[in-house]
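**Student:**
Residue numbers (our numbering): 5 to 379.
1) Go ahead and label residue 338 buried or exposed: buried means 16 or more other beta carbons lie within 10 angstroms of its beta carbon, across all protein chains shown.
2) What does the alpha-carbon distance come out to for the pair residue 10 and residue 275?
3) Can you tell which of 360, 347 and 352 has its C-alpha closest to the C-alpha of residue 2?
4) Measuring CA to CA, which of 114, 104 and 321 is closest to residue 188?
5) Go ahead and pull the three-state DSSP assignment for residue 285.
6) Starting from residue 56, follow its DSSP beta bridges and name the residues at the other end.
7) Skipping 5 residues on each side, what residues in its chain have a beta carbon closer than 6 Å to that of residue 303?
8) Buried or exposed for residue 41, please, with buried defined as at least 16 other CB atoms from any protein chain shown within 10 angstroms of its CB.
9) Just to confirm, is the Cβ distance from residue 103 to residue 120 under 9 Å?
10) Run the CB neighbour count on residue 126, radius 10 Å, all protein chains shown included, and call it buried at 16 or more, exposed below.
11) What's the C-alpha gap between residue 228 and residue 54?
12) The alpha helix (DSSP H) spanning residue 139 covers which residue range?
13) Give me whichever residues DSSP pairs with residue 118 in a beta bridge.
14) Would residue 266 and residue 341 be called neighbours here (beta carbons separated by less than 9 Å)?
15) Which residue wins for smallest C-alpha separation from residue 363, given the options 210, 271, 301 and 88?
16) Look up residue 342 in the DSSP assignment and give the residues it is bridged to.
17) My parser needs the alpha helix (DSSP H) runs of 4 or more residues fully inside the stretch 212-241; what are they?
18) Buried or exposed for residue 83, going by 16 or more other Cβ atoms inside 10 Å?
19) Rounded to the nearest angstrom, what separates residue 62 and residue 68 at their Cα positions?
20) Quick check for students: name the residue ranges of the alpha helix (DSSP H) that lie wholly in the stretch 177-206, counting only runs of 4 or more.
21) Straight-line CA distance for residue 56 to residue 345?
22) With which residues is residue 45 paired in a DSSP beta bridge?
23) Check whether the stretch 76-93 and the stretch 253-267 touch, using three or more Cβ-Cβ pairs below 8 Å as the test.
24) With a threshold of 6 Å on Cβ separation, who are the neighbours of residue 331 within its own chain once the five nearest residues in sequence on each side are excluded?
25) Which value, in whole angstroms, describes the spacing of the CA atoms of residue 287 and residue 7?
26) So what does residue 384 bridge to, in DSSP terms?
27) Does the beta-carbon of residue 175 have 16 or more other beta-carbons within 10 angstroms, so that it is buried, or is it exposed?
28) Once you ignore the five residues that flank residue 37 on each side, which residues in its own chain have a CB closer than 7 Å to its CB?
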């Protein structure tokens with residue numbers, strides 16, 4: 005006889021695992037949505053040339069992605085100063101300069117700014133005020149959201165103390181806030197939220213959504229199932245670069261670094277999945293019907309991102325940023341395939357050749373579908 009699974013959030017305890025809940029038993033097919041045109045939040049790459057930020061390339065990459073979104077009628081939001089923007093290598097001055105330059109060039113474009121703890125290297129206990137410097141810089145801008153990225157001392161707290169710590173950070177939020185959970189493939193000490201903590205955060209009025217970056221566990225599916233079942237006013241954003249199609253199928257937002265290297269392909273797939281996509285008379289996009297060729301497109305861009313986000317010998321995918329720079333350089337969008345000079349997560353000298361090979365299949369499929377994949 006199957007054991008009873010928790011279905012009422014009142015029965016959750018801080019240490020309840022997802023496997024004890026009904027939300028871990030919901031299949032993706034039960035959550036399929038062919039009608040919601042969810043936004044694509046691109047974790048934007050900060051490119052470098054000769055060891056300095058390539059501001060011209062930064063602007064070109066954003067305009068290229070804006071054009072992709074406009075062509076397919078997809079809402080684009082740019083995620084600045086997160087992992088793909090080298091947040092952990094940026095000084096506060098450079099962090100502020102990225103936002104200032106972005107706002108000057110794109111005055112009405114919505115963005116999400118990553119924020120994390122500053123100056124906590126020698127701390128022995130968590131201090132919420134460590135998040136305040138970056139919150140103040142980011143929230144000085146209008147039409148923005150903040151993404152509260154985890155930090156080591158925040159992540160190692162027990163569930164109840166971790167909840168309280170997030171609530172403390174939220175006291176400094178005057179813009180909509182997104183919470184961010186991730187797994188060790190990105191940061192070795194990271195752990196995703198269990199159901200009690202997720203439910204607590206999802207009910208906080210300042211947290212409008214959350215991102216979960218997992219490569220090995222279906223936590224995004226758990227989030228989607230609980231949110232839909234309980235009708236929570238909270239938007240799960242997928243950070244799963246190994247499972248991009250899942251968010252598209254469920255009509256939920258993506259917040260991924262893969263949105264840079266595969267931007268036109270993901271935008272096209274969002275449109276092809278919809279049953280009621282809007283016909284654009286200028287570009288002839290949006291057929292108004294589901295296009296089954298989207299499954300081949302899913303496979304094609306996922307094959308690219310599986311290599312961009314491949315795990316190294318330490319089982320880390322963190323060097324994806326360097327691979328992304330190579331892809332944008334090969335597409336003619338940025339001038340050099342460099343990483344931040346202080347970044348230690350680097351690919352090898354053969355990365356250009358590996359990315360040329362990785363791009364062959366998606367470029368072939370893009371050609372057959374009439375998708376312009378390049379500058």
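Just so you know, even glycine gets a beta-carbon here, dropped at the ideal spot from N, CA and C.
**Tutor:** The answer reads as follows:
1) Classification for residue 338: buried.
2) Going by the C-alpha atoms only, they are around 36 Å apart.
3) Given a span of 5 to 379 for the chain in the structure shown, any question on residue 2 remains unanswerable.
4) Nearest option by C-alpha distance: 321.
5) With a pLDDT of only 43 at residue 285, under 50, the local geometry of the prediction cannot be trusted, and the value read off the model is given with reservation. Correct three-state label for residue 285: coil.
6) Paired residue(s): 53.
7) So the list is empty, once near-sequence residues are dropped.
8) The C-beta of residue 41 has 16 or more other C-beta atoms within 10 Å across all chains shown, which makes the residue buried.
9) Contact annotation: residue 103 and residue 120 have beta-carbon atoms that are not nearer than 9 Å.
10) Taking all protein chains shown into account, residue 126 has fewer than 16 neighbouring C-beta atoms within 10 Å of its C-beta and is therefore exposed.
11) C-alpha separation (whole angstroms): 43 Å.
12) Residue range 136-143 is occupied by the alpha helix (DSSP H) that includes residue 139.
13) BP columns for residue 118 point to 151.
14) Contact: no.
15) Taking the Cα of residue 363 as reference, the smallest distance to any Cα among 210, 271, 301 and 88 is reached at 301.
16) DSSP lists 52 as partners of residue 342.
17) Fully enclosed alpha helix (DSSP H) runs of 4 or longer: 223-234.
18) With 16 or more Cβ atoms within 10 Å of its Cβ, residue 83 is classed as buried.
19) Each residue's alpha carbon lies about 10 Å from the other.
20) 199-206, all fully within the stretch 177-206.
21) Straight-line Cα distance between these residues: approximately 8 Å.
22) When DSSP reads this structure, residue 45 sits in a beta bridge with 81 and 259.
23) Yes, the stretch 76-93 touches the stretch 253-267.
24) For residue 331, where only same-chain residues beyond five positions count, the Cβ hits under 6 Å are 265 and 359.
25) Low confidence applies to residue 287: its pLDDT is 42, below 50, so where it sits in the model is not reliable enough to give any reading.
26) One cannot answer for residue 384 here, as it falls past the ends of the chain, which runs 5 to 379.
27) Exposed, because fewer than 16 other Cβ atoms sit within 10 Å of the Cβ of residue 175.
28) The answer, listed in chain order, is 254 and 255.
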